[in-house]
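**Q**
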Amino acid sequence: MNQTDLRLSLLVELNDEPGALEKALGIFSRAGVNLTHIESRPARGQTFDFYVDCEGERDDPAVARVLAELERTAVKVLVLDRQVVPWFPRHVSELDLVATNTLDAGGALLADHPGFQDPEYRARRAEIDALARSYRYGQALPRVIYTDQETATWRTVYERLSALHERHACEAYRRAVQELAGDCGYGPNDVPQLATVSDFLRVRTGFSIRPTPGLLRSRDFLAGLAFRVFFATQYVRHQSKPFYTPEPDVCHELIGHAPMFAEPAFAEFSQEIGLASLGASDVEVERLARCYWFSVEFGLLEEGGLRKAYGAGLLSSYGELAYACSAGADCGADTTHKSGATREAGVGGGEAAERPAPQYLPWDPEVAATRSHPITDYQDTYFVASSLIDARMRMQAYCRGLPRPFYARYNEATERIWVDRAVRRQPVQT
Ligand SMILES: [Fe+2]
């Protein structure tokens, strides 16, 4: 932990007289102690309080000088306990502590997984799972030599989706895919390596990819976004069901997610959610995870009077992509299409299904944060933003209003999170 990570919180009571606050703050500046947060309280009779967070600790010589002088001039000075908050990574390397904390069975597979009865697939999953589990910050990302069968599955998915992307993907996505094709060889013939795509994104928006064996807790996954790190799986779905996967796989990550992280407004949008999640309560993290779901996974944009997808859950699902973008006659973000039905192929590529048209709402994180959603079926509601910049601004406004224990900022040069208050992290949950 370096010096700038340390914070001290003080409560100072001053006589309510002109210039009192300025004089008190001058004590900090003369001692060279940096203030990170100030909050004043209304006067109570002859005195008033202010809270201040500053860099350093009680026994630092400069801080000790400040305390001594404040004690001489103020009515009262209290050194406050640090607020205890849920653990969060302060440096990008600390993502190592949560990166393998998966919610699902990982390489073990659940009984309803298409590959559950396939020992060869399970062995392959275990192999790729081990690569993600042994990865540590600073190492080169593991490269997987994909088998012919895995490449064939990728090709089937890629070709089917790219035809639909022409019509239904937002412009930023289509532009990024073109660049990825030129720079990283994106296309149907090979499964791209996470390392290659990560390098591509890093140059464009500072986002990078790190491997994960499977689904992470929302808190851990969102924390990665605060550092502009996207956790991605590296295995390929089972070949028996190329258009269905019960979990994220490399097709979902690289076809659905990765291109959007090349777009600056989307990168900022994603990081905003991540920063707001740090140290937040479980309730707030859940609300942010819902915002993530309805935007980064299933978000729509209005472009040229049409609905276009920017969410990865749509961009990597041919059935739901057409369903979400085609239902109803026009875009109208505030239009609710409740009547009529749309016919389309099921997720598994099987029989067509009758479905009522979904509901479309204008993108509003306040609403999205409280909305429940299906996980294994098509969404019944999609949020439509007027642009990626609008989506980001609304997300920023929402995050500003959250009851957050501190304000966090990411320092790209040091790869550390800067916080403005004195907080103590609970032990990490593993
Ligand atoms: Fe996803």
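Just so you know, we're using the numbering used here here: the sequence shown kicks off at 1 and counts up by one.
Virtual Cβ for every residue (Gly too), placed ideally from N, Cα, C.
#1: Quick check on DSSP: helix, strand or coil for G349?
#2: Hey, would you say the C-beta of E297 is under 7 Å away from at least one heavy atom of ligand 1?
#3: Is any beta-carbon of chain D found at less than 8 Å from that of F243?
#4: By DSSP, does K241 sit in helix, in strand, or in coil?
#5: Taking buried to mean at least 16 other C-beta atoms within 10 Å of its own C-beta, is E366 buried or exposed?
#6: Measuring straight from C-alpha to C-alpha, what distance separates L78 and A422?
#7: I need the DSSP call for G332, collapsed to helix, strand or coil.
#8: Taking 7 Å as the limit between beta carbons, can you name the residues of its chain near C170, skipping five residues before and five after?
#9: Could you check if V384 is buried or exposed, using at least 16 other CB atoms within 10 Å of its CB as the buried criterion?
#10: Could you check if P248 belongs to the surroundings of ligand 1, using beta carbon to heavy atom distance under 7 Å?
#11: Can you tell me which of I273, G187, W293, L109 puts its alpha carbon nearest to the alpha carbon of I375?
#12: Over the uninterrupted alpha helix (DSSP H) stretch that includes A172, give me the two end residues.
#13: My output table needs one value for L141: the three-state DSSP class, helix, strand or coil.
#14: Among the residues of its own chain, which have a CB less than 6 Å from the CB of Y51, if the five just before and after it don't count?
#15: Please determine whether the Cβ atom of H252 lies at a distance below 7 Å from any heavy atom of ligand 1.
#16: Just to confirm, are E150 and V197 a CB contact at a threshold of 8 Å?
#17: Starting from Y360, follow its DSSP beta bridges and name the residues at the other end.
#18: In angstroms with no decimal places, state the Cα-to-Cα distance between E263 and R202.
#19: Between the Cα of Q429 and those of P86, N189, S270, R44, spot the shortest distance and give me the residue it belongs to.
#20: Which full runs of the beta strand (DSSP E) of 3+ residues lie inside the stretch 364-426, going along the chain?
#21: Where DSSP assigns a beta bridge to F50, which residues make up the other side?
#22: Once DSSP output is grouped into helix, strand and coil, what is the label at P246?
#23: How would you label Q271, buried or exposed, when you count the other beta carbons within 10 angstroms and need 16 or more for buried?
#24: Beta-carbon within less than 6 Å of C331's beta-carbon, same chain only, minus the 5 sequence neighbours each way: which residues are those?
#25: Quick one: give me the first and last residue of the alpha helix (DSSP H) that S218 is part of.
#26: Please list, in chain order, all residues of the same chain as E268 whose beta carbon is under 7 Å from its beta carbon, the five residues on each side excluded.
#27: With DSSP as the reference, label L110 as helix, strand or coil.
#28: Answer yes if the stretch 117-127 comes into contact with the stretch 151-163, meaning at least three C-beta pairs across the two stretches below 8 Å, and no otherwise.
#29: Measuring only from the beta carbon, is G313 closer than 7 Å to any heavy atom that is part of ligand 1?
#30: Classify E57 as helix, strand or coil using the three-state DSSP reduction.
#31: From the DSSP output, read off the bridge partner residues of K76.
#32: If you compare alpha carbons, which of K23, Q234, C251 is closest to K241?
#33: Measure the Cβ-Cβ separation of I273 and L315 and say whether it is below 8 Å.
#34: Suppose you measure from the CA of M395 to the CA of A99; what does that come to, to the nearest Å?
#35: Does at least one heavy atom of ligand 1 sit under 7 Å from the Cβ of H432?
#36: From G32 to V63, what does the alpha carbon distance come to, in whole angstroms?
**A** According to the data block:
#1: If you number the sequence shown from 1, residue 349 lands on position 349. Confidence at G349 is low in this model, with a pLDDT of 35, below 50, so the placement of that residue is unreliable and no value is reported for it.
#2: As a working mapping, residue 297 is identified with position 297 in the sequence shown. Yes, since a heavy atom of ligand 1 falls inside the 7 Å radius drawn around the Cβ of E297.
#3: Included in the structure is just one protein chain, with no chain D present.
#4: Indexing the sequence shown from 1 puts residue 241 at position 241. Coil at K241, not helix or strand.
#5: On the sequence shown, residue 366 is found 366 positions in, with the first residue counted as 1. Answer is exposed; the Cβ neighbour count stays below 16.
#6: Working through the sequence shown from its first residue, we reach residue 78 at position 78. Working through the sequence shown from its first residue, we reach residue 422 at position 422. Looking at the two C-alpha atoms, the distance is approximately 14 Å.
#7: Indexing the sequence shown from 1 puts residue 332 at position 332. With a pLDDT of 40 at G332, under the threshold of 50, the modelled position of that residue is not reliable, and no figure is offered here.
#8: Within the sequence shown, the letter at position 170 stands for residue 170. Counting only Cβ-Cβ distances below 7 Å, and skipping sequence neighbours, we find L301, E303, K308, A309, Y310.
#9: The sequence position of residue 384 within the sequence shown is 384, counting from 1. Under this definition V384 is a buried residue.
#10: Your numbering for residue 248 matches position 248 in the sequence shown. For ligand 1, at least one heavy atom lies less than 7 Å from the Cβ of P248.
#11: Looking up residue 375 in the sequence shown gives position 375. That would be W293, whose Cα lies nearest to the Cα of I375.
#12: The residue given as residue 172 occupies position 172 in the sequence shown. Looking at the DSSP string, the run of the alpha helix (DSSP H) that includes A172 is 171-184.
#13: Looking up residue 141 in the sequence shown gives position 141. Note: L141 maps to coil in three-state DSSP.
#14: The sequence position of residue 51 within the sequence shown is 51, counting from 1. L11, E39, listed in sequence order.
#15: Position 252 of the sequence shown, counted from the first residue, corresponds to residue 252. Result yes, Cβ under 7 Å from ligand 1.
#16: Locating residue 150 in the sequence shown gives position 150, counting from the first residue. Locating residue 197 in the sequence shown gives position 197, counting from the first residue. No. Outside cutoff.
#17: For the purposes of this step, residue 360 is identified with residue 360 of the sequence shown, where counting begins at 1. Answer is Y382.
#18: Mapped onto the sequence shown, residue 263 falls at position 263. Mapped onto the sequence shown, residue 202 falls at position 202. When rounded, the distance between both Cα atoms is 11 Å.
#19: On the sequence shown, position 429 is the one that residue 429 refers to. Out of P86, N189, S270, R44, P86 has the C-alpha closest to the C-alpha of Q429.
#20: 381-385, 408-411, 416-419, 423-425
#21: For this step, residue 50 is matched to residue 50 along the sequence shown. V12, S40.
#22: Within the sequence shown, numbered from 1, the residue matching residue 246 stands at position 246. It is coil, neither helix nor strand.
#23: Locating residue 271 in the sequence shown gives position 271, counting from the first residue. Classification for Q271: buried.
#24: Here residue 331 refers to the residue found at position 331 when the sequence shown is read from its first residue. Since pLDDT at C331 reaches only 45, below the 50 mark, its modelled position is unreliable, and no value is offered.
#25: To locate residue 218, count along the sequence shown from 1; it is residue 218. Run containing S218: 218-226, per the alpha helix (DSSP H) assignment.
#26: What you label residue 268 is simply residue 268 of the sequence shown in a count that begins at 1. Once the five neighbours on either side are set aside, the close Cβ partners of E268 are R392.
#27: Here the question's residue 110 lines up with position 110 in the sequence shown. Coil, per DSSP.
#28: no
#29: Taking the sequence shown and counting its residues from 1, the one referred to as residue 313 is at position 313. Flag set: Cβ of G313 near ligand 1.
#30: Here residue 57 refers to the residue found at position 57 of the sequence shown. Residue state, collapsed to three classes: coil.
#31: Indexing the sequence shown from 1 puts residue 76 at position 76. DSSP output for K76 lists E13 as bridge partner(s).
#32: In the sequence shown, residue 241 corresponds to position 241, counting from 1. The residue with the shortest Cα to Cα distance from K241 is C251.
#33: The residue you call residue 273 lines up with position 273 of the sequence shown. The residue you call residue 315 lines up with position 315 of the sequence shown. Their beta carbons are not under 8 Å apart, which means I273 does not touch L315 by this criterion.
#34: Within the sequence shown, numbered from 1, the residue matching residue 395 stands at position 395. Within the sequence shown, numbered from 1, the residue matching residue 99 stands at position 99. Their Cα atoms are separated by approximately 25 Å.
#35: In the structure as shown, the chain starts at 1 and stops at 430, and residue 432 therefore has no counterpart that could be examined.
#36: Here residue 32 refers to the residue found at position 32 of the sequence shown. Here residue 63 refers to the residue found at position 63 of the sequence shown. Roughly 9 Å separates the two Cα atoms.
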